[in-house]
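Asks: Quick note: the sequence shown uses this note's numbering, first residue 143, plus one each step. Even for Gly, the Cβ is constructed at its ideal location relative to N, Cα and C.
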Amino acid sequence: MQVEEIKKLKVGEILENVSLRNYTTYRLNTIGRLLVFPQTIEELKKLISYLKTKEIPYKVLGGGSNLIFKNSTYEGVLISLKKFNQLSIIDNQVNVGAGHSLIKLALKTASLGLSGLEFAAGIPGTVGGAIFNNAGAYQSDMGYVLWKATVLTPSLEIITMTNRQMDFHYRTSFFKKNPNYIILEGKFLLKRGKKDLLLAIIQDRRERRMESQPLTLPSAGSVFRNPKDIAAWQVVEKLGYKGFSVGDAMVSEKHANFIVNTKEATGEEIVELITKIKKDAAEKLKIELVLEQEIIE
Ligand SMILES: Cc1cc2nc3c(=O)[nH]c(=O)nc-3n(C[C@H](O)[C@H](O)[C@H](O)COP(=O)(O)OP(=O)(O)OC[C@H]3O[C@@H](n4cnc5c(N)ncnc54)[C@H](O)[C@@H]3O)c2cc1C
143 MQVEEIKKLK VGEILENVSL RNYTTYRLNT IGRLLVFPQT IEELKKLISY LKTKEIPYKV
203 LGGGSNLIFK NSTYEGVLIS LKKFNQLSII DNQVNVGAGH SLIKLALKTA SLGLSGLEFA
263 AGIPGTVGGA IFNNAGAYQS DMGYVLWKAT VLTPSLEIIT MTNRQMDFHY RTSFFKKNPN
323 YIILEGKFLL KRGKKDLLLA IIQDRRERRM ESQPLTLPSA GSVFRNPKDI AAWQVVEKLG
383 YKGFSVGDAM VSEKHANFIV NTKEATGEEI VELITKIKKD AAEKLKIELV LEQEIIE
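1. Quickly, what does DSSP pair T304 with across the bridge? List them, please.
2. In terms of residue numbering, what span does the alpha helix (DSSP H) encompassing T195 cover?
3. Provide the residue span of the beta strand (DSSP E) that contains T215, from first to last.
4. According to DSSP, which residues form a beta bridge with K329?
5. If you follow the alpha helix (DSSP H) that E146 is part of, which residue opens it and which one closes it?
6. Using the DSSP secondary-structure output, state which residues sit across from E436 in a beta bridge.
7. Do the region 420-432 and the region 364-381 meet, that is, are 3 or more Cβ pairs less than 8 Å apart?
8. With DSSP as the reference, label I324 as helix, strand or coil.
9. Excluding the 5 residues flanking M308 on each side, which residues of the same chain have their C-beta closer than 8 Å to its C-beta?
10. To which residues does DSSP link A279 through a beta bridge?
11. Can E299 be considered in contact with ligand 1, in the sense that its beta carbon sits closer than 7 Å to one or more heavy atoms?
12. Go ahead and pull the three-state DSSP assignment for G409.
13. When we look at the beta-carbon of G385 and count the other beta-carbons within 10 Å, is it buried (16 or more) or exposed?
14. Got a sec: does ligand 1 put a non-hydrogen atom nearer than 7 Å to the Cβ of E211?
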């Protein structure tokens, strides 16, 4: 890769050969060849334009809370929008940068007496990643509250997309089907609510998560989507995988739809474990498990 040329572009801070341990919630030690933090839309455009011209693969990295880097190195360019973390709240309209933490946003809006993002207070990662995945919980998701988004198109135009155009469905969106679009900012319309009540809802759900999920070990949340008529954790449990390990990747004893990194798990081990479970579910139970996490080769 033309690292020196990329540095000369002056497109923000650049980290070379960086361990992704601090950039993935699985805490994978995959080495990212280049991790770039553009600070402005102009820098982002300049970087993407260069990478496209040189046909260098790239991937936007949010909080890395839904990602499995399969190999020991990721050879493309990782682009973090961490610096796109501006926040403006006027009345009930919230404009927030794609790199802003979703949990912090949910806590901030609730503490201002704005209701709608309570469901998001336990979902790690960024606003951009949540829009991409249509992250959700408790019968709500981003599609319910996101009004519009500012987006960088593959031809490097900045457009505003409406909720309808973003085509939100269960854990999917327009962006998942069109990964060359980059979300820059989300615009939410929230409702007025009672601050104390909203914070109490968040606290109650947080306690429930702590009780039912293995939050003290690194993971990327639910591994599989819930199939029809049965919960994914029940499928995994029925197959006898609770506590089963491949290397340091283990099916959680606490919640069978979580894989946890017990020490130094690699992406390859996690993927091997997922593949085994999927194969068994198909062969023994005739259930097609669909992965909720994303594998990056
Ligand atoms: C403990 C735990 C609990 C979880 N609970 C839930 C839950 O209740 N509900 C739920 O839905 N998920 C849950 N998750 C999964 C995960 O947190 C969500 O999917 C989250 O929204 C991913 O956001 P991220 O910023 O980490 O995205 P990443 O994992 O970094 O990226 C996900 C995808 O989004 C793309 N992307 C990121 N930012 C942008 C952008 N600005 N523009 C375009 N594409 C972008 C990436 O390229 C990638 O393809 C949980 C995870 C953990 C670890």
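Replies: On the basis of the supplied data:
1. Here residue 304 refers to the residue found at position 162 of the sequence shown. Partner(s): K290.
2. One-based indexing of the sequence shown puts residue 195 at position 53. Unbroken alpha helix (DSSP H) run through T195: I183 to T195.
3. On the sequence shown, residue 215 is found 73 positions in, with the first residue counted as 1. From DSSP, the beta strand (DSSP E) with T215 extends over T215 to S222.
4. The residue you call residue 329 lines up with position 187 of the sequence shown. In the DSSP output, where bridge partners are listed per residue, K329 has N237 and K290.
5. For this step, residue 146 is matched to residue 4 along the sequence shown. V145 to K150 is the span of the alpha helix (DSSP H), which, as asked, contains E146.
6. Position 294 of the sequence shown, counted from the first residue, corresponds to residue 436. DSSP, once it has assigned bridges, lists L209 as partnering E436.
7. yes
8. Numbered from 1 along the sequence shown, position 182 holds the residue referred to as residue 324. In the structure shown, I324 sits in a strand (DSSP, three-state: E or B).
9. Counting from 1 along the sequence shown, the entry for residue 308 is found at position 166. Answer for M308: I273, G285, L288, A291, S315, F316 and F317, listed in chain order.
10. Here residue 279 refers to the residue found at position 137 of the sequence shown. Note: A279 sits in a beta bridge opposite S282.
11. Position 157 of the sequence shown holds residue 299. E299 Cβ: outside cutoff for every heavy atom of ligand 1.
12. Residue mapping note: residue 409 aligns to position 267 of the sequence shown, counting from 1. In this structure, G409 counts as helix in the three-state DSSP scheme.
13. Locating residue 385 in the sequence shown gives position 243, counting from the first residue. By the 10 Å Cβ count, G385 comes out exposed.
14. Locating residue 211 in the sequence shown gives position 69, where the first residue counts as 1. Correcting the residue identity first, residue 211 is Phe in this sequence and not Glu. Answer for F211: no, Cβ out of range of ligand 1.
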